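Comments concern the structure below.
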Amino acid sequence: MTQQSRMRILNLGLKRIFDFVVSALGLIILFPILVITVLLIKTTMPGRIFFRQERVGKGKRVFYILKFRTMKEDRQAEETHDFSKDSERLTRTGNVLRRLKIDELPQLWNVFVGDMSLVGPRPTVIEQVEQYDEFQMRRLEMRPGMTGLAQVNGNVSLTWDERIVYDVTYIEKFSIFMDLAIMAKTFLVIIFGEQKFRKECKK
Numbered sequence: 002m003t004q005q006s007r008m009r010i011l012n013l014g015l016k017r018i019f020d021f022v023v024s025a026l027g028l029i030i031l032f033p034i035l036v037i038t039v040l041l042i043k044t045t046m047p048g049r050i051f052f053r054q055e056r057v058g059k060g061k062r063v064f065y066i067l068k069f070r071t072m073k074e075d076r077q078a079e080e081t082h083d084f085s086k087d088s089e090r091l092t093r094t095g096n097v098l099r100r101l102k103i104d105e106l107p108q109l110w111n112v113f114v115g116d117m118s119l120v121g122p123r124p125t126v127i128e129q130v131e132q133y134d135e136f137q138m139r140r141l142e143m144r145p146g147m148t149g150l151a152q153v154n155g156n157v158s159l160t161w162d163e164r165i166v167y168d169v170t171y172i173e174k175f176s177i178f179m180d181l182a183i184m185a186k187t188f189l190v191i192i193f194g195e196q197k198f199r200k201e202c203k204k
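To convert a position in the sequence shown, counted from 1, into the working numbering, add 1.
Below, the structure written as structure tokens:
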């Protein structure tokens, strides 16, 4: 085994320990915010509190991702992954939750149980994974993340192919220090918003 291989194994071990500890602390510290969000959704958006959907993780393992619901319920659209109605389904409460990334907080549970990591390629649906080519399939070599390299380098402004390149680059160059840098940038995106953050980075 090469020195590089040993270092990668060590980094992956540290990554899982870091994920477990930080997600556990996050669930405890953010518990008041989670409760407030539940009450807010319950009083402003009749229906389910959580959005729960099958996604594909490391090694094609299927799991259920958790999010706070931000849109009006439409089971047919959710089951068929019809995104054409998303703009009209998004509620005012949901818009705020998305802007502050609060809708993603339930995924701390996914991280805690090992389905996801704090940092990694964002998980996609089964139908999309079935269309992956060999290069795209490399996204599944690591646990999917709550945030990732693509999310702090353009996110929604990126094309699908550009996101794939960022994801594979992350997998190839991964280190604990890289994770910490991505998490720090993620907090800046949350504070300033994606557009303002990109403008500041270009200066």
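For every residue, glycine included, the Cβ atom is placed at its ideal position computed from N, Cα and C.
The model shown is predicted, which means the values in this text are computed figures rather than measured ones.
With a cut-off of 8 Å on the beta carbons, I'd call TYR65 and PRO122 a contact; round off their distance for me.
On the sequence shown, residue 65 is found 64 positions in, with the first residue counted as 1. On the sequence shown, residue 122 is found 121 positions in, with the first residue counted as 1. Contact flag wrong, Cβ pair sits at about 18 Å.
In the DSSP assignment, find the alpha helix (DSSP H) that holds SER6 and state where it starts and stops.
Numbered from its first residue, the sequence shown carries residue 6 at position 5. Unbroken alpha helix (DSSP H) run through SER6: 4-30.
Can you grab the Cα-Cα spacing for the pair ARG140 / GLN108, in whole Å?
Numbered from its first residue, the sequence shown carries residue 140 at position 139. Numbered from its first residue, the sequence shown carries residue 108 at position 107. Rounded to whole angstroms, ARG140 to GLN108 spans 19 Å at the Cα level.
What runs of the beta strand (DSSP E), each 3 residues or longer, lie entirely inside the segment 95-132?
118-120
Alpha carbons only, please: which of VAL57, LEU181, LEU98 is nearest the one belonging to MET1?
With the chain covering 2 to 204 only, the question about residue 1 has no answer from this structure.
So ILE191 and LYS68 are in contact, right, with Cβ under 8 Å, and what is the actual spacing, rounded?
On the sequence shown, position 190 is the one that residue 191 refers to. On the sequence shown, position 67 is the one that residue 68 refers to. Contact doesn't hold; Cβ gap of about 16 Å is too wide.
Tell whether a beta-carbon distance below 8 Å holds between THR125 and GLN152.
Translated into the one-based positions of the sequence shown, residue 125 becomes position 124. Translated into the one-based positions of the sequence shown, residue 152 becomes position 151. Taking 8 Å as the Cβ cut-off, THR125 and GLN152 do not qualify as a contacting pair.
Report the rounded CA-to-CA distance for PHE32 versus ARG56, giving the unit in angstroms.
On the sequence shown, residue 32 is found 31 positions in, with the first residue counted as 1. On the sequence shown, residue 56 is found 55 positions in, with the first residue counted as 1. The C-alpha of PHE32 lies about 25 Å from the C-alpha of ARG56.
Hey, would you say ARG144 sits closer than 8 Å to LYS59, going by beta carbons?
Taking the sequence shown and counting its residues from 1, one reaches residue 144 at position 143. Taking the sequence shown and counting its residues from 1, one reaches residue 59 at position 58. In contact: ARG144 and LYS59 (Cβ atoms closer than 8 Å).
What is the rounded straight-line gap between the Cα of LYS73 and the Cα of SER88?
Along the sequence shown, one-based indexing puts residue 73 at 72. Along the sequence shown, one-based indexing puts residue 88 at 87. Rounded to whole angstroms, LYS73 to SER88 spans 10 Å at the Cα level.
According to DSSP, GLN54 sits in a beta bridge with which residue or residues?
Locating residue 54 in the sequence shown gives position 53, where the first residue counts as 1. Beta-bridge pairing links GLN54 to ILE66.
Less than 7 Å between C-beta atoms, sequence neighbours within five positions excluded: which residues of the same chain meet that for GLU201?
Stepping through the sequence shown from its first residue, residue 201 is reached at position 200. With a pLDDT of only 49 at GLU201, under the threshold of 50, the placement of this residue in the model should not be trusted, and no figure is reported.
For ARG17, is the beta carbon positioned less than 7 Å from some heavy atom of the ligand ATP?
Because no ligand of any kind appears in the structure shown, any question about the ligand ATP cannot be addressed here.
Helix, strand or coil: which one does DSSP assign to GLY146?
Mapped onto the sequence shown, residue 146 falls at position 145. Residue state, collapsed to three classes: strand.
Is it right to say GLN137 is buried, meaning 16 or more other beta carbons lie within 10 angstroms of its own, or is it exposed?
Locating residue 137 in the sequence shown gives position 136, where the first residue counts as 1. When all chains shown are included, GLN137 counts as buried.
Since THR148 and MET184 should fall inside the 8 Å C-beta cutoff, what is the C-beta to C-beta distance between them, to a whole number of angstroms?
Residue 148 sits at position 147 when you count from the first residue of the sequence shown. Residue 184 sits at position 183 when you count from the first residue of the sequence shown. That pair is a contact at about 7 Å.
Please report the Cβ distance between VAL120 and SER24, rounded to the nearest whole angstrom; I am assuming they are in contact, meaning their Cβ atoms lie under 8 Å.
The count along the sequence shown starts at 1 and reaches residue 120 at position 119. The count along the sequence shown starts at 1 and reaches residue 24 at position 23. With a Cβ gap of about 12 Å, VAL120 and SER24 do not count as contacting.
Whole-angstrom Cβ separation of SER176 and GLY146, contact assumed at under 8 Å?
Counted from its first residue, the sequence shown places residue 176 at position 175. Counted from its first residue, the sequence shown places residue 146 at position 145. Not a contact, Cβ separation roughly 14 Å.
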